[in-house]
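**Student:** Sharing a structure with you now.
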Amino acid sequence: MDQIDNGKYVKAVSKWKQMDIKTVSDLEAVLSNFSVIFAYHSGVIENPEITYHTTREIFENGKVINFTGDVRTVFEIKNQKICYDWLKDKIIEKAIITPELIKGIHKKLTDGTYDEGRYSRGERPGEYKKHDYVVGNDQGALPEEVSSEIEELCEELQDIPDKGDNIIKTAAYLHCKFENTHPFADGNGRVGRTLMNYFLMTHGHPPIVVRNETKNEYYNALGCYDKTGELDGFVAYIKKETIETWEEPRQVKKRLNEYVEKESC
Numbered sequence: 152m153d154q155i156d157n158g159k160y161v162k163a164v165s166k167w168k169q170m171d172i173k174t175v176s177d178l179e180a181v182l183s184n185f186s187v188i189f190a191y192h193s194g195v196i197e198n199p200e201i202t203y204h205t206t207r208e209i210f211e212n213g214k215v216i217n218f219t220g221d222v223r224t225v226f227e228i229k230n231q232k233i234c235y236d237w238l239k240d241k242i243i244e245k246a247i248i249t250p251e252l253i254k255g256i257h258k259k260l261t262d263g264t265y266d267e268g269r270y271s272r273g274e275r276p277g278e279y280k281k282h283d284y285v286v287g288n289d290q291g292a293l294p295e296e297v298s299s300e301i302e303e304l305c306e307e308l309q310d311i312p313d314k315g316d317n318i319i320k321t322a323a324y325l326h327c328k329f330e331n332t333h334p335f336a337d338g339n340g341r342v343g344r345t346l347m348n349y350f351l352m353t354h355g356h357p358p359i360v361v362r363n364e365t366k367n368e369y370y371n372a373l374g375c376y377d378k379t380g381e382l383d384g385f386v387a388y389i390k391k392e393t394i395e396t397w398e399e400p401r402q403v404k405k406r407l408n409e410y411v412e413k414e415s416c
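Each residue of the sequence shown is one higher than the one before, counting from 152 in the working numbering.
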């Protein structure tokens, strides 16, 4: 991973804090573009059928016209918007993360997307997994362990002092630990990315886009935690994507006539 420019990171966080978001209207104004971009990237990482155009159309119009792909793709995108709308009040209220909130996020994000195989095994959106599912080289927590693991995780998140890198380290721990636990039969990645951003925003830190172009870095950082328990790689990833998401717009490109040779007078 490239060297992190800590000055740019601090500037991005400071810029977010200066926005002084106090109402849902404030939040909507600040996140109007972010919400679409986040939903697109969070979806396309796992489902290559998802497109930015379709995502924006659903977020702006509530529907998509002339779509010919898998209907599950539409459900996944629409669910991202439903979940975002559901969380807005909670972000402003700074509601703490609880097992109920986590299951609520999962229900919103996966409603209508469970395949017949999982459904026939008793799996349901908004409910912890009832069977083991392989995750890379691991299987996550056993079904009977999930409830206590999530309870413990939620308790660990309380009363984190807003000092130094505590918030970003806790956000990294939350996402890595959640994915390592793998509490649901499906949709864990989408829930984990949403939870991480929820925690960041309720603790005065800008949310990030986990970009499809950097998914290898993202998965490597998660894998490093799984193997070693180390968070440094994921903390660095969050910092990098904070800069990428919220840095000042890049310098406007030159116009064509600045590139071509001028005619002589």
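Heads up, the beta-carbon is just placed ideally off N, CA and C, and yes, glycines get one too.
1) Indicate the three-state DSSP secondary structure (helix, strand or coil) for Val-187 in the structure shown.
2) Taking the alpha carbon of Leu-304 as the point to measure from, which residue in Pro-276, Gly-384, Gly-343, Lys-281 has its own alpha carbon closest?
3) Given Val-181, which residues of its chain have a CB within under 7 Å of its CB, disregarding the five upstream and five downstream residues?
4) Run the CB neighbour count on Thr-379, radius 10 Å, all protein chains shown included, and call it buried at 16 or more, exposed below.
5) How long is the line joining the alpha carbons of Ile-311 and His-354, rounded to whole angstroms?
6) State the start and end residues of the unbroken alpha helix (DSSP H) segment that holds Ile-209.
7) Decide if Ser-415 is buried, meaning its Cβ has at least 16 other Cβ atoms within 10 Å, or exposed.
8) Do you know how far the Cα of Glu-179 is from the Cα of Asp-240?
9) Helix, strand or coil: which one does DSSP assign to Glu-197?
10) If we count the other Cβ atoms within 10 Å of its Cβ and call it buried at 16 or more, is Arg-362 buried or exposed?
11) If you follow the alpha helix (DSSP H) that Pro-294 is in, where does it begin and where does it stop?
12) For Ala-372, which residues of its own chain have a beta-carbon under 7 Å away from its beta-carbon, when the five flanking residues on both sides are left out?
**Tutor:** Here's the rundown:
1) helix
2) Gly-343
3) Met-170, Ile-172
4) exposed
5) 9 Å
6) 203-212
7) Because the pLDDT of Ser-415 is 44, which lies under 50, any placement of that residue in the model is unreliable, and the number read from its coordinates should be weighed accordingly. It counts as exposed.
8) 11 Å
9) coil
10) buried
11) 294-307
12) Gly-384, Phe-385, Tyr-388
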